[in-house]
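Report on the structure given below.
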Amino acid sequence: MGNNLTSRQQDYAQWYNDLILKGGLAEHSDVRGCMVIKPYGYGLWENMRDVLDKMFKDTGHQNAYFPLFIPKSYLSKEASHVEGFAKECAVVTHYRLKNDPNGGGVIVDPEAKLEEELIVRPTSETIIWSTYKGWVQSYRDLPILVNQWANVVRWEMRTRLFLRTAEFLWQEGHTAHATKEEAVAETVQMLDVYAKFVEEYMALPVIKGVKTASERFAGAEDTYCIEAMMQDGKALQAGTSHFLGQNFAKAFDVKFADKDNKMEYVWATSWGMSTRLIGALVMAHSDDEGLVLPPRIAPLQVVIVPIYGKDAEARQKIDDKAAEIIKELKLKGISVKYDNDDTTRPGWKFAEYELRGVPVRVALGARDLENNVAEVARRDEKTKESVSLDGIANHIENLLEDIQSNLYHRAVTFRTNNIRKADNWDEFVKILDENSGFILAHWDGTAETEEKIKELAKATIRCIPLDNPMEDGACILTGKPSTQRVLFARAY
RNA sequence: CGGGGAGUAGCGCAGGCCGGUAGCGCAUCUGGUUUGGGACCAGGGGGUCGCAGGUUCGAAUCCUGUCUCCCCGACCA
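Spelled out as structure tokens, the structure:
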């Protein structure tokens, strides 16, 4: 054996990198901080995208597309928004190249300087709200429920495949509403959509909550989030939904006449989920043998490996039986590959498909056919069983669902075992150092204390959980009174 | 952007201190035997040593610059 993967124990960060690269999801590009998403990784993204897209449409949203470039002046129209993004913007200053008169290849043509520089979108609120201004006159034009699938660029200092890249793929929903209540309801609804998607399809339990002021999106009144736990106990934000109040409507002067013919500013939301979630998926379920992918979004759900012998006739029988099984599986909408490539041997294939996280593997040999069985192996638990060929497609269909739910429950158990309460500073620090994971603790509610804790313990408030029970207590740092525990963790 | 490490065949690495024209394992190609957990035998191909300068009769090796990646910090989805 020997898959040359770094184990989680050895070096968690290296293990993650190995999985992404050797699992065939992505690789580094020639451009700093950018990655190439390979077909297998993109297949994963397509499945995630398709499911979410349907969920968006089922909640009344439509897709649209806005430009990659944003005039520089737009970004500065909303004060906290520009402050939040200014430090990581790529800027287009020229529109033409020319041959270097000194023979040094092509150079930027200094004659072709843009009058107004363009920002490559780090997010699209500004360009969208400047557009919405023209779309809204009356309450009858509302709500606007639009989503776009796009790439965005944030010039990050330090990048990691999927988790943080300079360019990434995402979706961003941007909605406009007549009332505050409606906008808040939309914000919460989309948070629920994300939570449902991540839990039911990614098999990853999340905690829904609201961000503190300092962790809030630049330009938002409230930022809601779902937080997931990785196997190293660190938190990863899996999706965000923002209630933007009237901030962008005011910045871009988007008003509407209500039923009483009074002019009002529009209420806004925005919400996003990105390719970063692929990183979360990898870190949540995979093991030292490779990727472990939830069946519902795995690019390939089942692989069938024939075990050939010398006998050509027996070989044909295996192919025929495999074709039958494949036909049945496809009728059930299950994706399946028959790997009868004769240049690699079965053992090699077993290891390879484990590395790639294919949920179910079926091995079929002459010996099996004699007994009317096949060997069915599940990736999540790495167990094998002999299954009768009669009704094997049904068996596999059930097995896929079982794997999906097992992954989810495994992740829930892990998270439950790694959420702890801390009632004073010593406990807090001890848990972070010895156990990691999430910590529920009291906080006095001030940004100063939050900042101090971050500085001292490198842990941040991930969120104030929704439906949080009220409980009197004392802040773990200052001892000042607090009415509820908030969720702390070290985070990606 | 600061600190540490690294770039030599598709992948993983040795060689470097002490300069003399590049090697190992895996992969690949051909032929054969094989096939129930990363097969074996025989033969073959593949590298401007990250890039650009410099020193030298001669540079993978020494010097300078530069780019990229990884790890740890500061910043963020």
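Just so you know, we're using this note's numbering here: the first sequence kicks off at 36 and counts up by one. We put the beta carbon where it would ideally sit given N, CA and C, even for glycine. All values reported here derive from a predicted model rather than from experimental measurement.
Asked, Found
"Rounded straight-line distance, which links the Cα of Tyr100 to that of Ala284", "20 Å"
"The stretch 332-351 in contact with the stretch 275-290 per 3-pair CB rule at 8 Å", "no"
"Limits of the alpha helix (DSSP H) - the one that Tyr259 falls within", "Per DSSP, Tyr259 belongs to no alpha helix (DSSP H); it is in the beta strand (DSSP E), 257-264."
"Stretch pair the stretch 304-313 + the stretch 76-93: three plus CB contacts closer than 8 Å", "yes"
"Separation of Leu328 from Phe104, as counted between CA atoms", "36 Å"
"C-alpha distance - His209 paired with Phe91, whole-angstrom precision", "12 Å"
"Residue span of the alpha helix (DSSP H) that contains Gln49, given as start and end", "47-57"
"CB contact flag (Leu491, Leu54, <7 Å)", "no"
"DSSP bridge partner residues for Val188 (one or two, in chain order)", "Glu202"
"Sheet register partners of Cys498 (DSSP bridge)", "Leu522"
"Under 7 Å between C-beta atoms of Ala446 and Ala270", "no"
"Residue of Leu364, Ile369, Lys515, Ile454 minimising C-alpha distance to Arg497", "Ile454"
"First through last residue of the beta strand (DSSP E) which encompasses Ile454", "454-457"
"Selected residue, minimal CA-CA separation from Val219, among Gln172, Thr304, Val171", "Thr304"
"Spatial distance of Phe203 from Val188 (CA atoms)", "7 Å"
"For Glu324, three-class secondary structure by DSSP", "coil"
"CA-to-CA distance, Glu221 to Asn528, given in whole angstroms", "Since the displayed the chain opens at 36 and closes at 527, residue 528 lies outside it and no answer follows."
"Whole-Å CB distance - Ile342 paired with Ile361, under 8 Å assumed", "16 Å between Cβ atoms; not a contact."
"C-alpha distance - Met36 paired with Gly480, whole-angstrom precision", "Residue placement at Met36 is flagged as unreliable, the pLDDT there being 39, under the threshold of 50; the coordinate-derived value follows with that caveat. Looking at the two C-alpha atoms, the distance is approximately 53 Å."
"Sequence-distant residues of the same chain with beta carbon closer than 8 Å to Met225, five excluded per side", "Thr94, Gly208, Ser276, Thr304, Trp306"
"Selection from Pro381, Gln45, Ala386, Val395 that minimises the alpha carbon distance to Ser370", "Val395"
"Every unbroken alpha helix (DSSP H) within the stretch 99-184, with a cutoff of 4 residues, ordered by chain", "107-110, 114-120, 160-170"
"Close Cβ partners of Arg131 (< 6 Å) along its chain, the five nearest in sequence each way excluded", "Asp144, Ala147"
"Stretch pair the stretch 192-201 + the stretch 158-174: three plus CB contacts closer than 8 Å", "no"
"Selected residue, minimal CA-CA separation from Lys487, among Glu506, Lys465, Trp460", "Trp460"
"Opening and closing residue of the beta strand (DSSP E) in which Leu475 lies", "473-477"
"Whole-angstrom distance between Ala201 and Asp403, CA atom to CA atom", "51 Å"
"Candidates Phe120, Glu152, Ala401: closest to Ser547 by CA position", "No statement about residue 547 is possible, as the shown extent of the chain runs from 36 to 527 and does not include it."
"C-alpha distance - Phe291 paired with Ser173, whole-angstrom precision", "5 Å"
"Enclosing beta strand (DSSP E) for Met298 [first to last residue]", "298-300"
"Contacts around Lys365, its chain only, beta-carbon distance under 8 Å, and the 5 residues preceding and following it disregarded", "Val371"
"Ala526 versus Pro157, Thr495, Thr418, residue with shortest Cα-Cα distance", "Thr495"
"Segment contact, 8 Å Cβ cut-off, at least three pairs: the stretch 238-249 with the stretch 110-118", "no"
"Nearest neighbour of Leu60, chosen from Tyr51, Val66, Lys73 [CA to CA]", "Lys73"
"Opposing strand residues paired with Arg445 [DSSP bridges]", "BP columns for Arg445 are empty, so no partner."
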